[in-house]
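Q: Numbering (my numbering), first residue to last: 28 to 298.
Here it is: the structure, laid out below.
Quick look at the structure:
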């Protein structure tokens with residue numbers, strides 16, 4: 028799939044921009060594919076936090092055809108300091124529970140952190156006290172709610188309820204976006220299961236410690252999903268998602284039906 032994207036030529040022959048947002052490090056084969064590609068496209072890779080021993084980091088930092096830019100996640104202290112400064116600027120007060128909720132939900136993307144803080148504060152006038160209910164109602168948009176509800180429904184294996192919610196999600200997201208979101212969630216669960224195997228932490232603690240943070244209202248669902256799925260099943264799921272992605276590109280007029288069939292199939296996978 029990566030090789031296909033790199034080698035695809037745009038209809039207008041203009042240079043294409045490919046954005047690769049990683050949830051885990053690239054393997055050796057993928058790195059070689061990128062480095063040896065003769066693609067004229069501009070490839071931008073968001074890689075998250077990479078250790079000095081990371082294969083991707085070592086490969087791209089030493090190759091003159093690539094530019095690496097280090098970006099560091101904000102700590103809870105950084106976000107709290109930023110939040111307090113913004114509150115002071117606008118003469119606002121936020122209670123401790125609201126601060127804890129907001130700080131715990133941010134930090135993976137500095138630009139997003141600043142935007143979310145400013146958005147929440149913009150709803151309030153000088154001298155207002157902002158509560159956790161205020162923060163929660165503003166942070167969780169209707170489109171985010173509906174897609175996460177679909178994701179959790181698929182991974183909780185509530186197969187009979189998928190059709191109705193899927194039709195509603197199509198008002199906000201196209202089939203390609205839905206497949207990407209479902210795939211990213213499967214990868215997230217794989218990472219959590221690998222971490223669980225390594226750390227022997229209970230599901231509850233694993234989810235509470237997860238970075239980027241998992242919204243607290245989804246904690247119970249994540250615990251259920253970790254008890255429902257194993258690494259082999261998730262690998263099978265990713266293969267089905269990949270095959271469906273290819274099929275929807277070949278038959279774009281059937282993408283809605285193919286994606287729905289895929290969601291029903293992966294939700295029904297047996298151990």
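Idealized CB from N, CA, C, for every residue including glycine.
Considering Cα atoms alone, identify which of 99, 59, 286 and 256 is closest to residue 184.
A: Here the closest residue by C-alpha is 256.
Q: Going straight from the alpha carbon of residue 147 to that of residue 291, what length do you get?
A: Those two C-alpha atoms are separated by around 37 Å.
Q: Would DSSP call residue 120 helix, strand or coil?
A: Note: residue 120 maps to strand in three-state DSSP.
Q: Going by DSSP, what residue range makes up the alpha helix (DSSP H) through residue 96?
A: Per DSSP, residue 96 belongs to no alpha helix (DSSP H) and is neither H nor E.
Q: Which two residues bound the contiguous alpha helix (DSSP H) that contains residue 273?
A: Start and end: 258-277.
Q: Under 9 Å, do residue 196 and residue 205 count as touching if we go by C-beta distance?
A: Yes, these two residues count as a Cβ contact at 9 Å.
Q: When you measure from the CB of residue 178 to every non-hydrogen atom of the ligand ATP, does any distance come out below 8 Å?
A: Ligands displayed in this structure: none; no statement on the ligand ATP is therefore possible.
Q: Return the chain-ordered list of same chain residues with a C-beta closer than 8 Å to the C-beta of residue 33, the five sequence neighbours on each side being excluded.
A: Within the same chain, residue 33 has close Cβ partners 45, 60, 61, 64, 66, 68 and 70.
Q: Could you tell me the alpha carbon to alpha carbon distance between residue 192 and residue 173, rounded to whole angstroms?
A: For residue 192 and residue 173, the distance between alpha carbons rounds to 8 Å.
Q: From residue 130 to residue 221, what does the alpha carbon distance come to, in whole angstroms?
A: About 26 Å.
Q: Using a Cβ-Cβ cut-off of 6 Å (strictly less than) and excluding sequence neighbours within five positions of residue 128, which residues of its own chain qualify?
A: Hits under 6 Å: 159 and 162.
Q: Can you give the Cα-Cα distance for residue 267 and residue 87, rounded to whole angstroms?
A: For residue 267 and residue 87, the distance between alpha carbons rounds to 31 Å.
Q: Residue 117 and residue 151: beta carbons closer than 9 Å?
A: Cβ atoms of residue 117 and residue 151: closer than 9 Å.
Q: If you follow the beta strand (DSSP E) that residue 48 is part of, which residue opens it and which one closes it?
A: Looking at the DSSP string, the run of the beta strand (DSSP E) that includes residue 48 is 44-48.
Q: Of all the options 175, 55 and 119, which has the alpha carbon lying nearest to the alpha carbon of residue 153?
A: The shortest C-alpha separation from residue 153 is found at 119.
Q: Assuming residue 216 and residue 252 make a contact with CB atoms under 8 Å, what is their CB distance in whole Å?
A: Right, their Cβ atoms sit about 6 Å apart.
Q: Buried or exposed for residue 247, please, with buried defined as at least 16 other CB atoms from any protein chain shown within 10 angstroms of its CB.
A: Its Cβ having fewer than 16 others within 10 Å, residue 247 is exposed.
Q: If you reduce the DSSP assignment to three classes, tell me which class residue 241 lands in.
A: Coil.
Q: Beta carbon of residue 157, beta carbon of residue 125: below 9 Å?
A: In this structure, residue 125 lies closer than 9 Å to residue 157 by Cβ.
Q: In chain order, what residues of the same chain have a beta carbon less than 8 Å from the beta carbon of residue 52, not counting five sequence neighbours either side?
A: 74, 77, 81, 82 and 83, listed in sequence order.
Q: Among residues of its own chain, excluding the 5 on either side of residue 272, which ones have a beta-carbon nearer than 6 Å to its beta-carbon?
A: For residue 272, where only same-chain residues beyond five positions count, the Cβ hits under 6 Å are 206.
Q: Do residue 121 and residue 133 have their beta-carbon atoms positioned less than 9 Å apart in this structure?
A: Their beta carbons are not under 9 Å apart, which means residue 133 does not touch residue 121 by this criterion.
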